[in-house]
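Residue numbers (the UniProt record's numbering), protein chains in the order written: chain A, 1 to 338; chain B, 1 to 309; chain C, 1 to 348. Think of the CB as a built atom: it goes at the ideal place given N, C-alpha and C, for glycine as much as any other residue.
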Amino acid sequence: MTSPKIEVDDLKKHFKSNEDLFTRLFGWGEIEYVKAVDGVSFEIEEGESFGLAGESGCGKTTCGKSLLHLHEPTSGTVSFDGQDITDPAVRDEMDFRTEAQIIQQNPYESINPRYRVFDWVKEPLDVHGIGSEEERENTVIETIESVGLNPAEAYMHEYPSELSGGERQRVSIARAIILEPSFILADEPASMLDVSVRASILDLLDRLQDELGISILYISHDLSLLKHMCDRIGIMYLGKLVEVGPATQVINDPQHPYTKALVGSTPTIDPDDEREAAELKGDIPDPVNLPSGCRFAPRCPEATDECTVEEPPMYDTGDDQQARCILYDEEQKQTISE
Amino acid sequence: MSVKDHLPANVESKLTSSRALSQIKDGVSTAYELYRSDRLGQFGIVVLAAFVFIAVFAPILAPYSPGARHRRDDGSLARLDAPSTDHLLGTTHHGQDVFSQLIVSARVSVFVGFLAAFIAVFIGTNIGLISAYYGGWIDDILMRIVDIAYGLPFLPFVIVLVFIFGANIVNIMLVIAAILWRDSARVVRSEVLSQKQRPYVESARAIGASDFRILYRHVFPNVLPLTVLYMAFAVAYAIMYEASIAFLGFGDPNVYSWGRMMYQAYTHGAIREAWWWVLPAGVCIMLLVSSVFFIGRTLEEITNPEIRH
Amino acid sequence: MLELTDVHVEYEMEDGGAVHAVNGVSISLEKNKILGLIGESGSGKSTLAKAVIRLLAKNGDVPEGSIEYKGTDLTELSDREFRTEIRWDEISMVPQNAMNGFDPVYTVGNQIVQAIRTHEDVSKGEARERARELFEQLGIDPGRIDDYPHQFSGGMAQRAMIALALALDPSLIIADEPTTALDVVIQDRILQTLRDLQQEIESSVVLITHDISVVSDICDEIAVMYGGRVVEHADVETIIKEPRHPYTLGLRNAFPDIEEDDQDLISIPGTPPDLVEPPEGCGFAPRCPFATDECWDVTPEPEEYGDGHIVECHRADEQELLTEEAKRKETWMDLETEPQQGVEEADD
């Protein structure tokens, strides 16, 4: 049994929402916390692509960035190759930074406008002092061409402002893979791109993952995209995972009422297809004052009084799929059927 | 390496040339484009270039030594002589050549203006960068120091410091820088606050770049245009401050400057009768300061393209 | 009801040149229909809509073509006539970003009341009552009518914007990417509401989006735009199931569908055409795997292929072949490697 590439255990990230000068100096007033990520656990296997989905504000991006240690988690652990990266005594910062990389959402802002393509792609090699100057140049040229920017010389002296969105995203990918990492966080890698370009970027990521055996965490609000790209998917709602399972299974046969609503609301291309969208009540609650019990209960079409009592744990619903819903509690099922 | 064989020879040499250099080239060419279409900017550059030229070659250009006392044909001291072919701008109360003094004084204005401004912007930019990037108590402390600097009354501050450390040109320059740094510190800080939220900073952190690298290789190039702009304004203010200090009599007594020329004209009660002693110095200050402001105005259009239309 | 004939829209540039954003569009829309206008950024879809409601940027102009609405040519009207008689009364618009659509210093209700009272002679109380009704119809608590825009969430602001657009019972509503910035659950709710209300007040809607699945969900007809032209226009069924234009085929392949289990996404190589100096011939030819010499030289004219299915393509009659070929990834891949001028098809 091999250990997973990444193991997230009860990860929490709370942001202070109202700290002002007086609170900081004298401790006046009560500090409120936004519970962006509030106890998330999952694993990503070697070479696997895992998708985190959910609506804006559900904490999926914060969760992803905590995995890269771009946020200091409030509590919980993230193990990378068996090492707890949240523990500064264990983490080898520079080593970790060569292993885990990020591809950001907005290709129009994620590249420093003062860098040429060549320097931007080369910087990771400079930072980690890998190879001689000449070796670095060769690696950069090879990498630029491997992401489909052919020939490299046509692109490497350009500033990002001279490139199209798709080309910029390829540059970001080149920078992310130049250190040959074993894990990449792809934060909405295609959401800002046109449809015809989007497919080619996703294709490129797919190909690189195959060739380099990278584990990828995709973060997206687009279930169709995640279904296409990922082996497994986790659905987040208000800072917690509500459902995890194999991608196709979660989308085709969702278990948690929230996942059902999400899938039902996603428009389909087939005009004959009449999906019955589950009617969700109200809007997403304020992540500062969470409802008691199951946090989805106030909007859930299937909620009972039971739901507001206690936060449900993850229940196995079969075939590697898990849902955080009391409907799948065996004892509960029995009492209902009795 | 196969890939490299395909590259034309010049690409390789381009690769090794540093990024900073190419950036400067780009910046210069944008600036050049703009100045070409901006009359005031052109005027500013020409005037500034002329003053820099005069400052550099002052000893050659000045017809006489600025301190030399000239005598009339009858042997009397050429006190307050009107402009003539011998003395283009007449003479002072002590029979010194005003034109020569004017030329030699350009050195002080240009020197103090640029150096004080550079020191001020250097300090201000670094404080702004560090304050905004690290935030927290570092930001609190540094910004309170800036607030204090804003609270300093200029003249009493100068008088006290000059009194304590002595009225020499280096001290005066430092005093001016000590007042001027606060503007660039505040402006740079607010720009860095916005820059550090940009995804490229996160990208730099993700590859393991050090704080130093992020600050000076990533954020700083993006605030550089703003820094240059504030440098231009700082030069203008530094020139005016130096002139004011000298005019009020707190200047370096061993150095000729435009402010000091006016101060001497004033103390000898010659302001009304000897216009040639006062006016040229005043015009020079005005020309130099406004030329720097005009340049700054054009720079502002480069850093802030929205105001072009 | 709305009939565009050979409409051109140009944006003048600083250097004296012009961007030909819309390049000869002829399209008609009947009463009580929802038309989906799809296309990628730069295809001219938003520009076309803005030309209809006369909200083009200052440097934009309609130099050619007519926009007939209920028999009147809108391009003939003066700005004043347009403002008082057409905009909002007859044609209203839901912008992409509702937050920017509202003035932050007035309450949302106040702005709706003002819009109603500028066009109709009703008392403040009546206008307010209508605003409350609209809020209720759109599923917003009428009690929030006196809130300021910033107190609304994105989804609520977007619904309030639709309320504002519906306030005067217009016959045509132009919705420019009304749900692009929103999450699916809210998007779904808003689209359903829009569809329900459209049927209730019997108006027509032009829905602009880049998302094929959104249009196929709620539209009656779809027009596909590319490079400033409508390259294909038909009812939803036809566009989705039997498209004839290679660009439509390509878009369909590039779009991940939540229904499919094992989909091979195929992107369209190349970049959108230069709109400053549009090249001769079909605008899509450089990216089209089926382009012939004719495509490079002659701009295809719109032709009808049965029951309002209008296509601008020289090879639209070879539907079966194109559909088959377009499904193969290699068809599109080949284009990336080969030089593009005048690629000949083997079976010609």
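Euclidean distance between Cα positions of residue i and residue j
i: Val-104 (chain B); j: Ala-281 (chain B); result: 11 Å
i: Arg-308 (chain B); j: Ser-161 (chain A); result: A caution first: Arg-308 (chain B) carries a pLDDT of 49, below 50, which makes its placement in the model unreliable, though a value can still be read off. Approximately 20 Å, taken between the alpha carbons.
i: Asp-347 (chain C); j: Val-230 (chain C); result: In this prediction, Asp-347 (chain C) scores a pLDDT of 36, lower than 50, which makes its location untrustworthy; no coordinate-derived value is stated.
i: Leu-226 (chain B); j: Ala-49 (chain B); result: 22 Å
i: Leu-280 (chain A); j: Pro-301 (chain A); result: 7 Å
i: Ile-27 (chain C); j: Gly-165 (chain A); result: 31 Å
i: Phe-82 (chain C); j: Asp-121 (chain C); result: 18 Å
i: Phe-15 (chain A); j: Leu-70 (chain A); result: 14 Å
i: Cys-282 (chain C); j: Leu-226 (chain A); result: 35 Å
i: Asn-97 (chain C); j: Met-192 (chain A); result: 16 Å
i: Gln-255 (chain A); j: Ile-112 (chain C); result: 42 Å
i: Val-121 (chain A); j: Asp-206 (chain A); result: 20 Å
i: Gln-101 (chain A); j: Ile-177 (chain A); result: 8 Å
i: Val-343 (chain C); j: Lys-329 (chain C); result: With a pLDDT of 38 at Val-343 (chain C), under the threshold of 50, the modelled position of this residue cannot be trusted; read the value that follows with caution. One C-alpha to the other measures close to 17 Å.
i: Trp-258 (chain B); j: Ile-285 (chain B); result: 7 Å
i: Leu-191 (chain C); j: Lys-45 (chain C); result: 19 Å
i: Gly-90 (chain B); j: Ala-106 (chain B); result: 18 Å
i: Ile-201 (chain C); j: Leu-168 (chain C); result: 10 Å
i: Gln-101 (chain B); j: Ala-149 (chain B); result: 35 Å
i: Ile-326 (chain A); j: Leu-265 (chain C); result: 38 Å
i: Phe-96 (chain A); j: Ile-207 (chain B); result: 9 Å
i: Lys-103 (chain C); j: Leu-138 (chain C); result: Before going on, a small fix: residue 103 (chain C) reads as Asp here, not Lys. Approximately 20 Å between the Cα atoms of the pair.
i: Phe-57 (chain B); j: Ser-109 (chain B); result: 14 Å
i: Gln-114 (chain C); j: Met-161 (chain C); result: 14 Å
i: Arg-324 (chain A); j: Glu-72 (chain A); result: 26 Å
i: Ala-24 (chain C); j: Thr-47 (chain C); result: Strictly speaking, residue 24 (chain C) in this sequence is Gly, with Ala absent from that position. About 13 Å.
i: Cys-295 (chain C); j: Val-236 (chain C); result: 26 Å
i: Val-197 (chain A); j: Leu-249 (chain C); result: 15 Å
C-beta atoms of residue i and residue j nearer than 7 Å
i: Gln-321 (chain A); j: Gly-234 (chain A); result: no
i: Thr-75 (chain C); j: Val-94 (chain C); result: no
i: Ile-284 (chain A); j: Ser-172 (chain A); result: no
i: Val-228 (chain B); j: Gln-195 (chain B); result: no
i: Val-112 (chain B); j: Ser-184 (chain B); result: no
i: Ser-49 (chain A); j: Cys-294 (chain A); result: no
i: Val-289 (chain B); j: Ile-245 (chain B); result: no
i: Glu-3 (chain C); j: Glu-68 (chain C); result: yes
i: Val-263 (chain A); j: Ser-17 (chain A); result: no
i: Ala-175 (chain C); j: Leu-207 (chain C); result: yes
i: Arg-170 (chain A); j: Leu-149 (chain A); result: yes
i: Ala-127 (chain C); j: Ile-116 (chain C); result: yes
i: Lys-65 (chain A); j: Ala-36 (chain A); result: no
i: Ile-173 (chain C); j: Ser-213 (chain C); result: no
i: Ser-92 (chain C); j: Pro-170 (chain C); result: yes
Supposed contact pair residue j and residue i - C-beta distance, whole angstroms, cut 8 Å
i: Tyr-305 (chain C); j: Val-311 (chain C); result: 6 Å
i: Val-158 (chain B); j: Phe-250 (chain B); result: 6 Å
i: Phe-284 (chain C); j: Pro-246 (chain C); result: 7 Å
i: Phe-80 (chain A); j: Ile-6 (chain A); result: 6 Å
i: Val-223 (chain B); j: Glu-191 (chain B); result: 5 Å
i: Ala-234 (chain C); j: Gly-308 (chain C); result: 6 Å
i: Leu-134 (chain C); j: Ala-163 (chain C); result: 4 Å
Query raised in the report: For the region 40-51 of chain C, which residues have a CB atom closer than 7 Å to at least one CB atom of chain A, in sequence order?
Result: Glu-40, Ser-41
Query raised in the report: Along the region 211-239 of chain A, what residues have a CB closer than 7 Å to any CB found in chain C?
Result: His-221, Leu-223, Ser-224, Leu-225, Lys-227, His-228
Query raised in the report: What residues in the region 107-139 of chain A bring their beta carbon closer than 8 Å to a beta carbon of chain B?
Result: Glu-109, Ser-110, Ile-111, Asn-112, Pro-113, Arg-114, Tyr-115, Arg-116, Phe-118, Asp-119, Glu-123, Pro-124, Val-127, His-128, Glu-133, Glu-137, Asn-138
Query - Entirely enclosed alpha helix (DSSP H) segments - the region 130-187 of chain B, minimum 4 residues - result: 136-151, 154-165
Report task. Report the residues of the region 214-236 of chain B with a CB closer than 7 Å to any CB of chain A, ordered along the chain. Result -> His-218, Pro-221, Asn-222
Report task. Please name the residues in the region 185-204 of chain B whose beta-carbon is closer than 7 Å to at least one beta-carbon of chain A, in chain order. Result -> Arg-198, Pro-199, Tyr-200, Glu-202, Ser-203
Requested in this report: List in chain order: all unbroken alpha helix (DSSP H) runs of 4+ residues lying wholly within the region 183-238 of chain C.
Outcome: 184-201, 212-218
Query raised in the report: Relative to chain B, which residues along the region 74-95 of chain A have a C-beta separation below 8 Å, given in chain order?
Result: Glu-93, Met-94
**Report entry** Whole beta strand (DSSP E) elements within the region 287-320 of chain C, 3-residue minimum
**Finding:** none
Query raised in the report: What residue ranges within the region 110-151 of chain A form continuous alpha helix (DSSP H) runs of no fewer than 4 residues, ordered along the chain?
Result: 117-128, 133-146
Requested in this report: With 7 Å as the C-beta to C-beta threshold (strictly closer), list the residues of the region 6-17 of chain C near chain A in chain order.
Outcome: none
**Report entry** Cβ-based contacts, 9 Å cut-off: residues of the region 196-219 of chain C near chain A
**Finding:** His-210, Asp-211, Ile-212, Ser-213, Val-214, Val-215, Ser-216, Asp-217, Ile-218, Cys-219
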